[in-house]
Amino acid sequence: MSREISTENAPAAIGPYVQGVDLGGMIITSGQIPVDPKTGTVADEIAAQTRQSLENVRAIVEAAGLQVGDIVKTTVFVKDLNDFATVNATYEAFFSEHNASFPARSCVEVARLPKDVNIEIEAIALRR
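As structure tokens, this is what we get:
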């Protein structure tokens, strides 16, 4: 049985979906765009957008009682793969700051994302 995860520390869903689901042993987040949940704004730079998307994922994982180190898989959607080096550096710094192992990851370029942001990140975390 699954339980909906909801937190004010990540942006509210902007459609017919939830921020995340708790399947007991596994947490699955919806894709997180870089909207600051407190202000509703989106930064212009890809590094700041990457960081905010990761912070939003973290908020959902933590709302389920887990930590960044429990994330085992991410999927990163970027509008422009020319931003890959910046996204990668920001991503590496985020997981390093949380003393977490790097999860498995996919990264793909997409034509367009909600609210015309430049990145969206989703994650799977395991309760161990």
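In the numbering used here, the protein residues as written are -17 to 110. For every residue, glycine included, the Cβ atom is placed at its ideal position computed from N, Cα and C.
| Check | Outcome |
| --- | --- |
| Spatial distance of Thr112 from Gln14 (CA atoms) | With the chain running from -17 to 110 in the structure shown, residue 112 is simply not present. |
| Contacts around Lys55, its chain only, beta-carbon distance under 6 Å, and the 5 residues preceding and following it disregarded | Pro85, Ala86, Ile106 |
| C-alpha gap between Gly51 and Val92, whole angstroms | 27 Å |
| Counted within 10 angstroms of its Cβ, other Cβ atoms place Asn38 as buried (16 or more) or exposed | buried |
| Beta bridge counterpart(s) of Lys61 as assigned by DSSP | Looking at the DSSP assignment, Lys61 forms no beta bridge with any residue, so it has no partner. |
| Beta-bridge pairing of Asp4 - partner residues as DSSP gives them | Arg(-15), Ile9 |
| Own chain, CB closer than 6 Å to Ser35, minus 5 neighbours either side, in chain order | Gln14, Pro16, Ile101, Ile103 |
| Nearest-angstrom Cα separation, counted from Met(-17) out to Phe76 | 31 Å |
| Proximity to Val90 [Cα-Cα], best of Lys61, Met8, Asn70 | Lys61 |
| Assigned secondary structure, Arg110 (DSSP; H/G/I helix, E/B strand, else coil) | coil |
| Beta-carbon proximity of Ala29 to Asn(-9), cut-off 8 Å | no |
| Selection from Thr21, Leu108, Arg94 that minimises the alpha carbon distance to Leu63 | Arg94 |
| Euclidean distance between Cα positions of Met8 and Leu108 | 5 Å |
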